[in-house]
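Step one of this worksheet: look at the structure below.
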Amino acid sequence: MSVHTAKRRLAPADIKALKGERPIVSLTAYTTPVAKLMDQHVDFILVGDSLGMVLYGLDSTVGVTIEMMIAHGQAVMRGSSSACIVVDLPFGSYQESKEQAFRTAARILKETGCSAVKLEGGAEMAETVHFLTQRGIPVLGHVGLMPQLINTTGGYRSLGRSDREVEKIRRDAAAIEEAGAFAFVIEGTVEPLAREITETATIPTIGIGASPACDGQVLVVDDVLGIFTDFKPRFVKHFANLAPVMSEAFATYAEEVKARSFPGPEHTFQLRKG
139 MSVHTAKRRL APADIKALKG ERPIVSLTAY TTPVAKLMDQ HVDFILVGDS
189 LGMVLYGLDS TVGVTIEMMI AHGQAVMRGS SSACIVVDLP FGSYQESKEQ
239 AFRTAARILK ETGCSAVKLE GGAEMAETVH FLTQRGIPVL GHVGLMPQLI
289 NTTGGYRSLG RSDREVEKIR RDAAAIEEAG AFAFVIEGTV EPLAREITET
339 ATIPTIGIGA SPACDGQVLV VDDVLGIFTD FKPRFVKHFA NLAPVMSEAF
389 ATYAEEVKAR SFPGPEHTFQ LRKG
């Protein structure tokens, strides 16, 4: 059954209004066929820079380009009609200045037709978030673990275990909310802190490795389907295990091609008699 009550595409304001009403459903998508399949089941689709790792085999999201995000944003837009579409701003495309962030975000909105952008960062990015939202660009924030900062944080690990980390994440969440974001992702943050932030925030929190108490949840689609097998974070649940199914299909195809049992007569075009 569809989660949507209206035929129009959901907007960032609709996502914001869901706080306190029911849990918000989100997944990442990068291609038209996948977007078509998930569109009716989610409130918003995130075209995440996680595509650098799950599609392009990069070691982190740092190498993702604006052009990659636009190409995949366009693909997802073509495959969806009702979910709100949010596209990540890639590393290096917005941190230099609020003006740079506006140029990047405006280009992505224009060239993809998406409804909003997401950027990582807390208090240090609040001025940028305010600058964007005041100029017609809805922003989904992102606090806690920030994958784009992997080179300075020293790896992927849960945060909020020290007083210093707790205060920073609290401060970041408050700053992003005050700056005008319609919602924000909390990633890789200890459960009690994510729960506390959700309870005090007036905008939705979207958890990934955070808390079931968050106003919504997001996961990477390749993790949900069990396709990405390089590693499995603690917060991931495989709702399907497609990797062995796909591998078996490829193996069977290869066997039939080698045995000349595929293609068969039914897969070829024959001349009509007479």
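Residues 139 to 412, numbered by this note's numbering, are exactly what the sequence shown covers, in order.
We treat Cβ as the ideally placed atom computed from N, Cα and C, and that holds for glycine.
By the CB criterion at 8 Å, Thr-250 and Gln-212 fall inside the cutoff.
His-405 sits exposed, since fewer than 16 C-beta atoms from the chains shown fall within 10 Å of its C-beta. Classified as buried, Met-176 has 16 or more neighbouring CB atoms from the shown chains inside 10 Å of its CB. Of all alpha-carbon atoms in Val-362, Pro-276, Leu-227, Gly-260, the one lying nearest the alpha-carbon of Glu-305 is that of Gly-260. For Asp-301, no beta strand (DSSP E) encloses it; the enclosing alpha helix (DSSP H) starts and ends at 301-317. Annotation: Val-323 to Ser-218 spans about 22 Å, alpha carbon to alpha carbon. By the Cβ test, the stretch 339-347 is in contact with the stretch 156-172, since at least three Cβ pairs between them sit closer than 8 Å.
The C-beta of Gly-195 has fewer than 16 other C-beta atoms within 10 Å across all chains shown, which makes the residue exposed. Per DSSP, Ser-385 is one residue of the alpha helix (DSSP H) stretching across 380-396. Partner residues in the beta bridge of Asp-226, as assigned by DSSP, are Lys-256. Pairing Lys-396 with Val-358, the inter-Cα distance amounts to about 36 Å.
Listed in chain order, the non-local C-beta contacts of Gln-238 below 8 Å within the same chain comprise Ser-231, Tyr-232, local neighbours out to five positions each way being set aside. Annotated as proximal: Val-224 and Lys-256, with beta-carbon spacing under 8 Å. Each residue's CA atom was taken as its position, placing Val-172 and Val-362 some 12 Å apart.
Rounded to whole angstroms, Gly-190 and Arg-295 show a C-alpha spacing of 19 Å.
No Cβ-Cβ contact shorter than 8 Å links Ile-246 with Gly-279.
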